[in-house]
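**Student:** Quick note on the UniProt record's numbering: the sequence shown kicks off at 207 and runs consecutively.
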Amino acid sequence: DLQIRLDASTKDEIGSLAVAINDLAVELDRFRSNRREFFANISHELRTPITYLEGYANVLENELYQNEEERQQYLQIIQQEVRRMSKLVEDLFELSKLEEGRLALDCEEVDVMEVVESAVVKTRMKAEEKGLKLEFHKENDLPSLYADGLRMEQILINLIDNAIRYTEFGKIRVRLTKESNNIMISVIDSGMGIPEEDLPFLFERFYRVEKSRSRELGGTGLGLAIVKQLVKLQRGRIEVTSEVGKGTAFHLTFPVEKRDENEED
Ligand code: ADP
């Protein structure tokens with residue numbers, strides 16, 4: 207229940223009230239169209255797998271396949287679409303918690319080197335299966351970060367996973383350095399790159415440069431939106447630079463805070 211007390215008396219005050227109300231109306235409008243777009247996106251994202259599921263379930267039910275091999279292929283498509291839908295639901299759940307500020311971090315002093323190393327180890331096999339090298343360069347004697355180690359790892363796995371999915375040849379480099387009072391982590395690939403005009407929208411929900419390619423690669427279009435929120439929650443920044451045909455680099459920056467020695471957790 208919104209109650210506005212109108213106690214403006216002078217002409218000036220009434221004028222600024224009118225401006226404030228107008229701004230509110232514009233904001234509300236933006237919020238509504240944002241919400242409309244969001245639900246339209248979700249419906250669209252769900253429609254495609256549902257169409258596949260209906261179609262192939264029908265094929266299997268009516269035994270409309272030539273041989274056992276074909277039957278197996280249809281079953282695999284069904285499984286793949288179910289996985290895609292679960293991933294979408296999982297990502298949506300996570301993003302909604304993040305956007306409403308309901309995701310609690312479990313922060314402590316973490317050894318960034320260990321966190322980045324763990325993300326690299328977990329993604330290495332996928333890179334090598336694709337014939338890509340995954341390199342890890344690190345500076346020695348880095349200070350620890352006050353952060354949620356598991357969430358940090360999730361951010362990195364997500365960026366490395368993207369680098370692998372959108373790179374056909376060459377290598378992916380993960381760099382961990384310290385610059386003034388910041389820890390910098392970069393994920394640099396030699397992949398397809400991203401056109402400059404797409405860069406400003408990259409972290410928006412469901413934004414994809416090439417819809418069909420992302421779909422083929424099992425993407426939900428929510429990964430970077432989640433990453434951005436997780437980075438922000440830990441007082442970090444994320445930036446991207448890219449060149450089509452050359453590759454993409456994501457840079458994370460986290461402030462190393464000087465905590466009071468006597469401060470209790
Ligand atoms: P998706 O699930 O589609 O990968 P993301 O939110 O993770 O969604 O990424 C959004 C879009 O950004 C992708 O669809 C892709 O077009 C582009 N993208 C992300 N990472 C890279 C990369 N390393 N190289 C090229 N394009 C990328």
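Glycine included, each C-beta is placed from N, C-alpha and C at the ideal position.
Quantities reported herein were computed from a predicted structural model and do not represent experimental measurements.
If you draw a straight line from the C-alpha of isoleucine 391 to the C-alpha of valine 437, how long is it?
**Tutor:** Straight-line Cα distance between these residues: approximately 12 Å.
**Student:** Please classify aspartate 471: does DSSP put it in a helix, a strand, or coil?
**Tutor:** For aspartate 471, the pLDDT reaches just 46, beneath the cut-off of 50, and the residue's location in the model is therefore unreliable, leaving the point undetermined.
**Student:** Should the segment 400–413 be regarded as contacting the segment 431–451, the criterion being three or more beta carbon pairs within less than 8 Å?
**Tutor:** Touching, yes.
**Student:** Relative to the C-alpha of valine 361, which candidate in Gly337, Arg421, Thr459 and Leu270 has its C-alpha closest?
**Tutor:** The sequence shown places isoleucine at residue 361, rather than the valine named in the question. Per the Cα distances, Thr459.
**Student:** So what does leucine 458 bridge to, in DSSP terms?
**Tutor:** Ile391 and Ile444, per the DSSP bridge assignment.
**Student:** Would you mind sorting threonine 426 into buried or exposed? The rule is 16 or more other CB atoms within 10 Å of its CB.
**Tutor:** Threonine 426 should be labelled buried.
**Student:** Helix, strand or coil, according to DSSP, for arginine 381 in the structure here?
**Tutor:** Looking at arginine 381 - three-state DSSP - the assignment turns out to be strand.
**Student:** If you measure between the beta carbons of isoleucine 378 and leucine 338, is that distance less than 7 Å?
**Tutor:** Cβ atoms of isoleucine 378 and leucine 338: closer than 7 Å.
**Student:** Give the secondary structure of valine 450 by DSSP, where H, G and I count as helix, E and B as strand, and everything else as coil.
**Tutor:** Note: valine 450 maps to coil in three-state DSSP.
**Student:** Cβ of residue 174 versus every heavy atom of the ligand ADP: is any distance shorter than 6 Å?
**Tutor:** With the chain covering 207 to 471 only, the question about residue 174 has no answer from this structure.
**Student:** Just the C-alpha distance for aspartate 207 and leucine 234, rounded to the nearest angstrom, thanks.
**Tutor:** Residue placement at aspartate 207 cannot be trusted, given a pLDDT of 46 that sits under 50; what the coordinates show is reported in the next sentence. Rounded to whole angstroms, aspartate 207 to leucine 234 spans 16 Å at the Cα level.
**Student:** Using 8 Å as the Cβ pair cut-off and three pairs as the minimum, do the segment 319–339 and the segment 294–306 touch?
**Tutor:** Contact between the segment 319–339 and the segment 294–306 is absent, because fewer than three Cβ pairs lie under 8 Å.
**Student:** Tell me, please, which residues DSSP counts as bridged to leucine 340.
**Tutor:** Partner(s): Ile378.
**Student:** For a test of the three-state rule: what should DSSP assign to glutamate 314, helix, strand or coil?
**Tutor:** Of the three classes helix, strand and coil, the one that applies to glutamate 314 here is strand, per DSSP.
**Student:** Can you pull the DSSP bridge partners for alanine 353?
**Tutor:** According to DSSP, which records beta bridges pairwise, alanine 353 is partnered with Glu314.
**Student:** Quick check on DSSP: helix, strand or coil for leucine 298?
**Tutor:** In this structure, leucine 298 counts as helix in the three-state DSSP scheme.
**Student:** How is the alpha helix (DSSP H) around tyrosine 262 delimited, first residue to last?
**Tutor:** Here the alpha helix (DSSP H) through tyrosine 262 covers 217–267.
**Student:** Cβ of threonine 454 within 7 Å of Cβ of isoleucine 400?
**Tutor:** A contact, by the Cβ cut-off of 7 Å.
**Student:** Once you ignore the five residues that flank glutamate 469 on each side, which residues in its own chain have a CB closer than 7 Å to its CB?
**Tutor:** For glutamate 469, the predicted model reports a pLDDT of 49, less than 50, meaning its position is unreliable; a value from the coordinates is still stated below. Taken in chain order, the list of residues that qualify is empty.
**Student:** Since glutamate 345 and lysine 303 should fall inside the 8 Å C-beta cutoff, what is the C-beta to C-beta distance between them, to a whole number of angstroms?
**Tutor:** Rounded, the Cβ-Cβ distance is 34 Å, inconsistent with contact.
**Student:** Report the CB separation of alanine 369 from aspartate 347 in whole angstroms; it is logged as a contact under 8 Å.
**Tutor:** Their Cβ separation, rounded to whole angstroms, is 27 Å, which puts alanine 369 and aspartate 347 out of contact at 8 Å.
**Student:** For valine 415, which three-state DSSP category applies?
**Tutor:** It is coil, neither helix nor strand.
**Student:** Ignore the nearest five residues each way along the sequence and tell me which others in valine 450's own chain have a CB closer than 6 Å to its CB.
**Tutor:** Here the set comprises Gly399 and Pro401.
**Student:** Under 7 Å between the Cβ atoms of asparagine 364 and valine 433?
**Tutor:** Cβ distance < 7 Å, so asparagine 364 and valine 433 count as in contact.
**Student:** In whole angstroms, what separates the C-alpha of glutamate 320 from that of alanine 353?
**Tutor:** Straight-line Cα distance between these residues: approximately 13 Å.
**Student:** So, for aspartate 471: in the same chain, excluding its five sequence neighbours on each side, which residues have a beta-carbon less than 7 Å away from its beta-carbon?
**Tutor:** The predicted position of aspartate 471 is uncertain, since its pLDDT is 46 and thus under 50; no value can be drawn from it.
**Student:** Rounded to the nearest angstrom, how far is the Cβ of leucine 423 from that of arginine 371, given a contact under 8 Å?
**Tutor:** Going by Cβ atoms, the distance from leucine 423 to arginine 371 rounds to 5 Å, so yes, they are a contact pair.
**Student:** What residue range is occupied by the uninterrupted alpha helix (DSSP H) comprising isoleucine 432?
**Tutor:** Here the alpha helix (DSSP H) through isoleucine 432 covers 429–439.
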